[in-house]
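>
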Amino acid sequence: MTTTRFAPSPTGYIHVGNLRTALMNYLIARKAGGTFILRIDDTDPERSKEAYVDALKQDLEWLGLTWDRVERQSERLDRYHAAADELRAMGRFYEAFESPTELDLKRKKQLNMGRPPVYDRAALALSDAEKDALRAERGAGVWRFKLDQQRIEWNDGVLGDISIDAASVSDPVLIRGDGQVLYTLASVVDDTEMGVTHVVRGSDHVTNTATQIQIIQALGGNVPSFAHHSLLTGPQGESLSKRLGTLSLRDLREQGVEPMALLSMMARLGSADPIEMRADMGALIDGFDIGRFGSAPTKFDVADLFPLTARHLQGLDYDAVAERIAALGVPEAQAPLFWAVTRDNITTLHDLEGWWTLFRDGAEPVIEDEDRDFIAQAMAMLPEGPLDDSSWGTWTAAVKEATGRKGRGLFMPLRKALTGQAHGPDMAQVLPLLQVIRARS
RNA sequence: GGCCCGUUCGUCUAUCGGUUAGGACGUCAGGUUUUCAACCUGAAAAGAGGGGUUCGACUCCCCUACGGGCUGCCA
């Protein structure tokens, strides 16, 4: 049974980078008819906030990423300590007492001598008496997992065959001096006990995977299949981390990005498959294949989300937006027509408001100097009273007759005089909705 | 510094030694629509650099350059 998970830590809002990871795991589970677990990584009580847990769930729900189970790492601490005991019993776990500054110093020294900054395992040589003394002097030490110094290999779902020499990696600290369990351990215990079969995460975890494979093996668990997707960069190839603040899902939602637009992009960006607007999640699931993704860093430009959003809106029926349109104050009788007229001319639903105010209050006319007489003449010919969908045709035909103008030279000045803009919906449909024509005066 | 991954049109990418280097988005040009948008057709547009291996290299190997990641008592 295929089981995947998304394991965010509730220390902030989730952003496009997180979403990519979440979505890939979700799609794999759904495509296989398996289980998708939402696992809240809240082992750090300092930084984890309940508000972020709520926010994160809201964001996922907004996108339609439903989960089958929720797990809380903070409720599983006993499991992690049980695993730690196991490691201790088999001699793969040792206590070390270097302070952060001491470790820092060691690293710098190693670097200066041109050697890799790998923990030197000095603590391994400590006698029990020495450990007692250090413990009395400095308090409890950290617990490190003793790596087996061989090459660690796995076939990565995105990267292909990977081989990392364990000797080039420090023995990972799994439990802090204050007793807090760290990500590396918690993640491994959870994945094993929850039966996770596929782990998809960012390539920033590649080295973690190497050490985690050894921990899983030590604990006798099944090694899941790993896939590390490339990280997103900004449009110029710059690291996205600095800009992530403005790329939270909440921000995007506020800017009017539609869920399906965002999902359509994130499920394909960086893969060999074209980014196309998909109608629903099912279509996304069908076409998804993690093996189609490349391993090179992927440029992401928020701006690309808007054409997709526009395209999505063009395909929406009135029913889908009725509520939203009613909220603008559009009378129910006019609302379906309003949507039919505007939906091809908006980028996000926010743009609806602008069109509605224009229809309701009229627009400041834009009239070029050379068109002044023409517009005055045309306005004089515009019938008083309510206009219907044939008004535009009869009116412009009459104006054409009277002035000799035709084509763009006829219609564009009228469009600009009536709407104040050079772009907009079909004028024949605009006219009946336009309640005030300021150019008339 | 060490380790891992990478570099093909502007962007995302295809090609598993022999191709006119293909597609999608974007761009541009035409065409339709009496106007906007949409739509249709077409065009421009790419193998980081240098060495090998080979009859033949985008493809395999090495070096260089550049990009990303890791190198935490963060995740």
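If you read the first sequence in this note's numbering, its first letter stands for residue 250, the second for the next number, and so on. By construction, the Cβ of each residue, glycine as well, lies at the ideal position given by its N, Cα and C atoms.
In the DSSP output, what is D414 paired with across the bridge?
R400
> In the DSSP assignment, what residue or residues form a beta bridge with L636?
DSSP output for L636 lists no bridge partner at all.
> If you reduce the DSSP assignment to three classes, tell me which class D405 lands in.
strand
> Which runs of the beta strand (DSSP E), 3 residues or longer, sit entirely within the region 436-511?
447-451, 474-478
> In the DSSP assignment, what residue or residues form a beta bridge with T292?
Paired residues: none, contrary to the question.
> With a cut-off of 8 Å on the beta carbons, I'd call L511 and L501 a contact; round off their distance for me.
6 Å
> So what's L287 in DSSP terms, helix, strand or just coil?
strand
> Measure how close the beta-carbons of N594 and P681 come, nearest whole angstrom, since I'm counting them as under 8 Å.
By a beta-carbon distance limit of 8 Å, N594 does not contact P681. Their separation comes to about 16 Å.
> Would you identify the three-state DSSP class for L565, choosing helix, strand or coil?
coil
> Between R279 and M509, is the Cβ-Cβ spacing less than 9 Å?
Going by C-beta atoms, R279 is not nearer than 9 Å to M509.
> Does the region 422-441 come close enough to the region 395-406 that 3 or more CB-CB pairs lie under 8 Å?
no
> Helix, strand or coil: how does DSSP classify F542 here?
strand
> If you reduce the DSSP assignment to three classes, tell me which class F394 lands in.
strand
> Throw me the rounded Cβ distance for the R254 and V445 pair, which I believe falls under 8 Å.
About 5 Å separates the beta carbon of R254 from that of V445, a gap short enough to meet the 8 Å contact definition.
> Is the Cβ-Cβ distance between R288 and A332 less than 9 Å?
no
> With 16 as the cutoff for other CB atoms within 10 Å, does D699 come out buried or exposed?
Since the first residue shown for the chain is 250 and the last is 690, residue 699 is missing from the structure and cannot be characterised.
> Below 8 Å on the Cβ atoms is my contact criterion, and I expect I539 with G406 to pass it. Report the Cβ-Cβ distance as a whole number of Å.
5 Å
> Using the Cα positions of L607 and D600, report the straight-line distance between them to the nearest angstrom.
11 Å
> For a minimum of 4 consecutive residues, which ranges assigned as the alpha helix (DSSP H) are wholly contained in the region 514-543?
530-536
> Mind checking A528: buried by the 16 CB within 10 Å criterion, or exposed?
exposed
> Could you say which of Q359, T596, F549 lies nearest to P556 if we only look at CA atoms?
T596
> Can you tell which of E379, I413, A584, H561 has the C-alpha that lies nearest to the C-alpha of Q461?
I413
> Could you pull out every residue in the same chain whose Cβ sits closer than 6 Å to the Cβ of S419, ignoring the five residues on either side in sequence?
If we look at S419 and ignore the five residues flanking it on each side, its Cβ neighbours are V367, Y368.
> For R356, which residues in the same chain have their Cβ closer than 8 Å to its Cβ, ignoring the five residues on either side in sequence?
P366
> Compute the distance between the beta-carbons of L480 and T433, then report whether it is under 9 Å.
no
> A300 and I263 - do their beta-carbons sit closer together than 9 Å?
no
> What does the alpha-carbon distance come out to for the pair G313 and G283?
Roughly 17 Å separates the two Cα atoms.
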